[in-house]
Amino acid sequence: MIRNIVFIVALICFGIGQSAYGQTDSEKNRCDKSIVNLVGKHLDVSDFSYPKDGMYPSAENGGVIIAGVCKVWPKDNSKTIAIFAYDAGVEYEKRLIVVLVETIKVRIVAIYKGAIQEDAAMTVGANSFWIDTARYDIAPGVRAFGLDVTNSYSQGCGEGGSGPVRTLFIQDGKEIKPILEDFYISSWHYIQEGQSRCTGADAPEESLYENRGYSLSVDTASTNGYRDLLVTETISRDDGKKTGEPLQYKLHYDGKKYHK
Numbered sequence: 049m050i051r052n053i054v055f056i057v058a059l060i061c062f063g064i065g066q067s068a069y070g071q072t073d074s075e076k077n078r079c080d081k082s083i084v085n086l087v088g089k090h091l092d093v094s095d096f097s098y099p100k101d102g103m104y105p106s107a108e109n110g111g112v113i114i115a116g117v118c119k120v121w122p123k124d125n126s127k128t129i130a131i132f133a134y135d136a137g138v139e140y141e142k143r144l145i146v147v148l149v150e151t152i153k154v155r156i157v158a159i160y161k162g163a164i165q166e167d168a169a170m171t172v173g174a175n176s177f178w179i180d181t182a183r184y185d186i187a188p189g190v191r192a193f194g195l196d197v198t199n200s201y202s203q204g205c206g207e208g209g210s211g212p213v214r215t216l217f218i219q220d221g222k223e224i225k226p227i228l229e230d231f232y233i234s235s236w237h238y239i240q241e242g243q244s245r246c247t248g249a250d251a252p253e254e255s256l257y258e259n260r261g262y263s264l265s266v267d268t269a270s271t272n273g274y275r276d277l278l279v280t281e282t283i284s285r286d287d288g289k290k291t292g293e294p295l296q297y298k299l300h301y302d303g304k305k306y307h308k
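Written out as structure tokens, the structure reads:
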């Protein structure tokens with residue numbers, strides 16, 4: 049009974065918190081209307097806007113933007129990084145556009161266009177994007193920024209899963225270029241799968257997970273003019289048992305992209 053009361057109070061408090069402070073990171077980082085209009089004009093897409101709240105992106109529902117986030121670029125505070133995924137009517141695909149905008153003049157300085165292929169392991173939703181502006185100073189005057197893409201679709205039953213996928217970009221004149229792609233920053237798998245709709249009644253009551261995290265930092269050594277990236281892998285278990293020391297390896301630049 050006490051647990052039920054505590055749970056109800058927690059839900060009430062959570063509801064109050066959500067109404068006052070409950071914006072997701074994607075909602076907080078929504079792009080200004082002037083930037084949305086600028087990108088829509090560049091793409092020549094008349095319905096390039098955020099859809100009505102809770103509605104699936106479409107021309108009928110207010111706009112075709114699936115996900116869209118903006119963030120001031122720490123390297124140059126006069127510029128804003130803007131990233132959008134939008135529905136162009138292609139099945140199992142969302143168009144991707146990454147732009148660097150001169151904030152005051154509302155002018156596109158550099159641009160990248162691509163696509164995100166969708167399947168059970170990757171489906172783009174309204175809260176899928178996060179811009180990473182850590183200090184990726186990979187060469188004098190060159191700083192990369194990242195886009196983390198999270199799958200919005202529940203993977204259902206399975207032995208494990210992965211977290212966000214990171215892409216690093218750099219500005220090269222009027223172009224934005226991806227230099228690191230398909231970098232998973234976390235993953236997990238069952239050590240012991242507990243009772244759920246995916247298991248039988250004879251399964252253990254509690255689940256036990258192993259979690260892996262992968263962090264990126266800039267190394268002192270360089271390859272082909274760009275500093276190496278140091279990947280640190282940490283492993284933890286829900287039961288707190290020690291899993292060994294963190295593992296490290298380097299990614300090297302081949303002149304176009306970073307690889308192991």
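Throughout, the numbering used here is defined as the position within the sequence shown, counted from one, plus 48.
All residues carry an ideal CB built from backbone N, CA and C; glycine is no exception.
Values in this document were obtained by computation on a predicted structure and should not be read as measured data.
query, result
"Extent of the continuous alpha helix (DSSP H) to which residue 88 belongs", "81–91"
"Neighbourhood of residue 297 by C-beta distance below 7 Å, restricted to the same chain and skipping five residues each side", "279 and 308"
"DSSP three-state assignment for residue 75, whether helix, strand or coil", "helix"
"Alpha carbon of residue 77 to alpha carbon of residue 270, nearest angstrom", "34 Å"
"Residue 208 (DSSP reduced to helix, strand or coil)", "strand"
"Boundaries (first-last residue) of the beta strand (DSSP E) holding residue 158", "155–165"
"Presumed contact (8 Å Cβ cut-off) between residue 272 and residue 301, rounded CB distance", "5 Å"
"Residue 127 versus residue 144 - alpha carbon distance", "19 Å"
"Supposed contact pair residue 191 and residue 123 - C-beta distance, whole angstroms, cut 8 Å", "5 Å"
"Residue 142 classed as buried or exposed, judged by whether at least 16 other C-beta atoms fall within 10 angstroms", "buried"
"Residue 257 Cβ short of 7 Å to the ligand SAM heavy atom set", "The ligand SAM is absent from the structure shown, which contains no ligands of any kind."
"Option in 167, 219, 228 and 156 with minimal Cα separation from residue 140", "167"
"Burial state of residue 69 (16 or more Cβ within 10 Å)", "Confidence at residue 69 is low in this model, with a pLDDT of 46, below 50, so the placement of that residue is unreliable and no value is reported for it."
"Proximity below 8 Å, CB of residue 233 to CB of residue 196", "yes"
"Which listed residue (148, 281 and 91) has its alpha carbon closest to that of residue 223", "148"
"Given 8 Å, three or more beta-carbon pairs between the stretch 113–120 and the stretch 91–98", "yes"
"C-alpha gap between residue 289 and residue 257, whole angstroms", "11 Å"
"Cα-Cα separation, residue 220 to residue 199", "29 Å"
"Cβ neighbours of residue 157 in the same chain (closer than 6 Å, five flanking residues each side left out)", "148 and 150"
"Whole-Å CB distance - residue 160 paired with residue 146, under 8 Å assumed", "4 Å"
"Residue 163 burial status per 10 Å Cβ neighbour count (16 or more: buried)", "exposed"
"Cut-off 8 Å between Cβ atoms - residues of its own chain near residue 226, not counting five sequence neighbours on either side", "160, 162, 215, 216, 217 and 305"
"CB of residue 187 within 8 Å of CB of residue 275, strictly", "yes"
"Whether residue 239 touches residue 154 by CB criterion (8 Å)", "no"
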